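Protein chains in written order, with UniProt numbering: chain A, 1 to 154; chain B, 1 to 564. Beta carbons are placed, not taken as given, at the ideal position from N, Cα and C, and that holds for glycine. Quantities reported herein were computed from a predicted structural model and do not represent experimental measurements. Working notes, beginning with the structure itself.
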Amino acid sequence: MQLRSWTPSRRETMGLGLTALLAAALAPCLVMATEEAVAAELKKLYGDKPMADGKIKLDLPEIAENGLVVPLNVDVESPMTDGDYVKAVHVFADGNPLPQVVTYKFTPQSGKAAASVRMRLAQTQNVIAVAEMSNGTLYTAKAQVKVTIGGCGG
Amino acid sequence: MISRRDFVIAAMAAGMLASGARGAFAQAARSGKMTQDDILRFDPVGTLTILHTTDLHAQLEPIYFREPSVNIGVGDARGLPPHLVDEAFLAYYKIAAGGPEAYSLTSLDFDALAGTYGRMGGADRIATLVKAIRAARGDGNVLLLDGGDGLQGSWSSLQTKGEDMVRVFGALGLDAMVGHWEFTYGAERVQEIVEKAPFAFLAQNIRSAEWQEPVFEARKMFERGGAKVAVIGQAFPRTPISNPRWMIPDWEFGLREEDLQKQVDDARAAGADVVVLLSHNGFDVDRKLAGRVKGIDVILTGHTHDALPAPVMVGSTLLIATGSHGKFISRLDLDVKDGKVAGFRYGLLPVFSDAIAPDPEMTALVREIRAPFAADLGRVVGRTGSLLYRRGNFNGTFDDMICQAMLTERDAEIALSPGFRWGGTLRPGDPITFEAIANATAITYPACYRNMMTGQQLKDVLEDVADNIFNADPYFQGGGDMVRVGGVGYAIAIDQPMGKRISDLTYLKTGQPLDPSKTYAVAGWASVNQGVEGPAIWELVERYVAATGTVDIAPMASVKVSGA
């Protein structure tokens, strides 16, 4: 398993809350990933192979409670037999400095293709999962996670 | 269950399902003022009654509370209740202007009608209504539920960390509550309350961060009126974002729809005839959720302070909105047959304090609770020459007063004040007591900071907060109303995406555009960060009001709204 993240900066004690503001303030000095960057990573892995929607259940909060540790559960619907199993699941974030979040490799002995991780998200962005099946077909799923400074209590 | 086509039946049609309109408001239309009997008049249905209070914000005594004149609905909620105000509200619900209904449900002619109909709420008036309904229906047939934000919002609740309201709820015979502002007393205090309170504290959507285990009881089964009623609790899902996460560092919230569906299914499997969601999601979130989670009969909504005289229906789920600050209690009679809801009748009972005889036991309890703080509560600090109110999507005049206090007392160029929905209304000529100030400011993180911010940073803050209110998808909304500003004006295009809503930021002192790269001195309060330094906001406001003598504030004209 490979985890990538960017170096944390201290949360500033200013304004209303401000994880996002911090990200916004830092944005000029960091080049954030884009959809194109994610596409480029995928091209490196799988060329121009088509990807279908479905099979992947991506469980993410709509709004991150803490952008530093956003919980992700990914679960791919598939038998895990020698002839038919999930080989790998890649997770990307299109608004982080580096788009790769994590890659999981599975074998039939894994029993099921499910995993959980906590990742850092620098700003509101899409999280994209791609599953590679043993026969080479690819599936993808995408969800937006909002990283916010908050909404004034209510 | 009937099919859930996500349609919203007009309120009057919902009333007809219950076979006939209810008494209180109709009576009052004929006779002018309401009497206690008018308020309690109700043609019962079935054998089960659910009573609902919510967002009391620890208001023990009757107060004035002006409903919003700006409450913008976005996306699918555009133009629908609860996003109708004033004339549009009256037209939708076929309510006459100038009567007690219009007074309690809109902001129209507020000061004059307040003179006629008086203050609303009060724990002892609520107690009278609850006792009368229990007596009429039979004790074992009534379920009393509170939707949260009950233990916070007053000086006595802040000083006692919610103990005042725990006692009041205990005396009312509350069966269960949920939470939001309650969590700002910190994890330890919340757990202490849960352990000793004589009522259930329910929350299906809170997990321990480390092990993802439930922190609170998710649901409770009550047997009332011969029916098994499962009540599932839903805490405010955005608490760690809208309020300080550091006060509840080991808890994670969220909507947790799938877990909720499982709770509903488990409740049915355990024999529930009726499934109630006691929710602090906010109305639009609950409306969306009602179309996605199957099998909920009733959602008792909260958080957004909406008072609706009739239920909103999504499929066969009833959404009830009981208002705030004790202005109303909801009565819902359910006719349960063969393990399901066969019919209902609903009434939003207005708590007109002049019409309702206070319950002597509750009056005595409230007096005892308030006695230690009498000197602070009664201290007259100044006077208002204009109507001071808060509720609404943008600055209210009470917020403007707070912003003025920060600009003056912290020598700042710009002031930011949180978009809380709670706090009473003061009428022109009213004294400004310390209690009135505390009613709008009593929180556990009151420090007023002073920081330097660039014009660009300020815009980013406004954009971010605006998206928490006006995101077209309610699941991406959170928190309260728009952050209040002092010293600057701006234009907001509601229908634009995040980052493109805010424009024309103007520094009001010079009338010049705010410079994105220039640094301004900004004062604000209620920061969700730990270790914020500065004096408590109520001290600043008290100093400002005392120095001003009579406060006169016209409604703010420097926020320009479009795209609504």
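Residue environment: N73 (chain A) is assigned as exposed (fewer than 16 neighbouring CB atoms within 10 Å of its CB, all protein chains considered).
Interface annotation, T34 (chain A): not in contact with chain B, CB-CB separation never under 8 Å. At least one C-beta of chain B is nearer than 8 Å to the C-beta of I63 (chain A). Annotation for T548 (chain B): no beta strand (DSSP E) segment contains it, though the alpha helix (DSSP H) segment containing it runs 537-548.
Boundaries for S110 (chain A): no alpha helix (DSSP H) harbours it, and the DSSP string shows neither H nor E there. By the criterion of a C-beta distance shorter than 6 Å, G122 (chain B) is surrounded in its chain by E61, P62, S353, once the five residues flanking it on both sides are discounted. Where G455 (chain B) is concerned, the enclosing alpha helix (DSSP H) starts and stops at 455-470. Linking K294 (chain B) to G148 (chain B) through their CA atoms gives a straight-line distance of about 24 Å. At least 8 Å separates the CB of P358 (chain B) from every CB of chain A.
Taking 8 Å as the CB threshold, K112 (chain A) stays off the interface with chain B. By the CB criterion at 8 Å, T53 (chain B) and I133 (chain B) fall outside the cutoff.
Cβ contact annotation for D75 (chain A) (same chain, cutoff 6 Å, sequence separation greater than five): K57, A114, in chain order.
Here the alpha carbons of P50 (chain A) and H305 (chain B) stand approximately 49 Å from one another. Residue environment for M482 (chain B): buried (at least 16 other C-beta atoms within 10 angstroms of its C-beta). Nearest in C-alpha terms to N141 (chain B), of all of B:Y389, B:G46, B:P311, is B:G46.
For T140 (chain A), no Cβ of chain B is located within less than 8 Å of the residue's own Cβ. In the assembly as shown, E210 (chain B) is an exposed residue. Its beta-carbon has fewer than 16 other beta-carbons within 10 Å. Rounded to the nearest angstrom, the Cβ distance from F344 (chain B) to D338 (chain B) is 15 Å, too far for a contact under 8 Å.
The criterion of a C-beta distance shorter than 8 Å is satisfied by N451 (chain B) and V522 (chain B).
Between the stretch 370-382 of chain B and the stretch 401-416 of chain B there are fewer than three C-beta pairs closer than 8 Å, too few to call the two in contact. When the five nearest sequence neighbours on each side are left out, the beta carbons in the same chain lying within less than 8 Å of the beta carbon of L121 (chain A) are those of A64, G67, V70, A93, G95, N96, V127, V145, V147, in order along the chain. Boundaries of the alpha helix (DSSP H) around I126 (chain B): 123-137. For R238 (chain B), at least one C-beta of chain A is nearer than 8 Å to its own C-beta. Comparing alpha-carbon positions, the option among B:L48, B:R66, B:L40 lying closest to K327 (chain B) turns out to be B:R66.
Under the three-pair Cβ rule at 8 Å, the stretch 152-172 of chain B counts as touching the stretch 188-197 of chain B. Bounds of the beta strand (DSSP E) holding E132 (chain A) are 125-133. The stretch 472-489 of chain B and the stretch 389-396 of chain B touch, with three or more beta-carbon pairs separated by less than 8 Å. The shortest CA-to-CA distance from V117 (chain A) to any of A:A37, A:Y85, A:N135, A:L60 is the one to A:L60. Within its own chain, the residues whose Cβ lies closer than 6 Å to the Cβ of L407 (chain B), once the five positions on either side in sequence are excluded, are A415, G486, G487, listed in chain order. For Y104 (chain A), the enclosing beta strand (DSSP E) covers residues 100-105.
With a cut-off of 8 Å on Cβ pairs, the stretch 143-159 of chain B is in contact with the stretch 171-188 of chain B, counting three or more such pairs. Contact between A405 (chain B) and G423 (chain B) does not hold, since their C-beta atoms are separated by about 14 Å, which reaches or exceeds 8 Å. For the stretch 273-305 of chain B, the residues whose beta carbon sits under 7 Å from a beta carbon of chain A are, in order, H303. Under the 8 Å criterion on CB atoms, N439 (chain B) is classed as non-interfacial with respect to chain A. As for any alpha helix (DSSP H) of minimum length 4 sitting wholly inside the stretch 170-246 of chain B, the runs are 187-196, 239-242, ordered along the chain. Remark: C-beta atoms of L144 (chain B) and D175 (chain B) approach each other more closely than 8 Å.
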